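Colleague:
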Amino acid sequence: MTKLTSSRKPVRDRILEKASELFYKEGIQNVGIDRIISESGVAKMSLYNHFKSKDALIEAFLRQRGESWRAWFIETVAQHSSDPKERLLAIFDVLQLWFEAPDFRGCAFINATVELAKPNHPGYQAALEHQQAVYSYILDLAQATGITDPELLARQFLLLVQGSIVVAMMEGNSIAAAQGKTVASGLLGRRE
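At position 175 of the sequence shown the residue is numbered 259 (the numbering used here), and the sequence of numbers has no breaks.
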């Protein structure tokens, strides 16, 4: 007897994929569990077998998105240069690529903290952890340059990154990345 294999994704993956798409596109608060169940083609019990609540699903969405976004971001920045200073500036080139994507709707993590508004929510915590991971990456680059006070520079760059994201989302214009890069270049120049 031949064992049949299915090309259909596992239930958990289908749920998380649909929730991720809808949460990012329409907002966490605007998407209900019933819609996710319907559009992912699973039974309600299947959803609750994999995620005990909507809050757990939100947290899973943010953790998965954080891992995949950071992997893409770090890899894409690394493709620009091996020099840490050039990589720091390349951050803004990579942001511009992201801003120009047709499905860009801002940062899922910034959006989530605004929507969830409760620091003890597991999704809010996942968003903060993502921000800390991005800061740590920027700090690693800043430390590799040998400049004085890399922690301050990393904090300033994180503010520029987040500000660029918000402006790009609100104005629908990727120029925010180039403007962020100009300010970042000035910050780097002052430390040389």
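Cβ atoms here follow ideal geometry from the backbone N, Cα and C, with glycine treated the same way. Predicted model, so just to flag it, every value in this text is computed and none were measured.
State whether the stretch 202-210 contacts the stretch 132-140, with contact taken as three or more CB pairs (one from each stretch) at a distance under 8 Å.
Modeller: Short answer: they touch.
Colleague: Which two residues bound the contiguous alpha helix (DSSP H) that contains P168?
Modeller: Residues 168-183.
Colleague: Could you please give the first and the last residue of the uninterrupted alpha helix (DSSP H) stretch that includes V161?
Modeller: Counting along the chain, the alpha helix (DSSP H) containing V161 begins and ends at 138-164.
Colleague: What is the DSSP secondary structure of H205, counted as helix, strand or coil?
Modeller: In this structure, H205 counts as coil in the three-state DSSP scheme.
Colleague: If you measure between the beta carbons of V161 and V178, is that distance less than 8 Å?
Modeller: Their beta carbons are under 8 Å apart, which means V161 touches V178 by this criterion.
Colleague: Restricting to Cα atoms, I'd like to know which of I259, V95, T229, N257 is closest to D167.
Modeller: Per the Cα distances, T229.
Colleague: Measuring only the C-alpha atoms, how far is R119 from L237?
Modeller: In a straight line, the C-alpha of R119 is about 43 Å away from that of L237.
Colleague: Among H134, K109, G111, which has the Cα closest to the Cα of I121?
Modeller: Nearest option by C-alpha distance: H134.
Colleague: Just reading off the alpha helix (DSSP H) that V95 is part of, what are its end residues?
Modeller: Start and end: 95-110.
Colleague: Does the count of Cβ pairs from the stretch 98-113 and the stretch 183-202 closer than 8 Å reach three?
Modeller: Yes, the stretch 98-113 touches the stretch 183-202.
Colleague: What are the start and end residues of the alpha helix (DSSP H) that includes I231?
Modeller: Neither: I231 is in no alpha helix (DSSP H) and is coded neither H nor E.
Colleague: Could you have a look at N257 and say whether DSSP puts it in helix, strand or coil?
Modeller: It is coil, neither helix nor strand.
Colleague: Among R149, G273, E184, Q263, which one has its Cα closest to the Cα of Q215?
Modeller: Ranking R149, G273, E184, Q263 by Cα distance to Q215 puts R149 first.
Colleague: Give the single residue among L172, A260, D233, I158 whose Cα lies nearest to the Cα of Q246.
Modeller: Comparing Cα positions, the closest option is A260.
Colleague: Using the C-alpha atoms, what's the distance from G273 back to F193?
Modeller: Those two C-alpha atoms are separated by around 30 Å.
Colleague: Closest to E184 by C-alpha separation, out of G116, G264, N257, would be which residue?
Modeller: Of the candidates G116, G264, N257, the one whose C-alpha sits nearest the C-alpha of E184 is N257.
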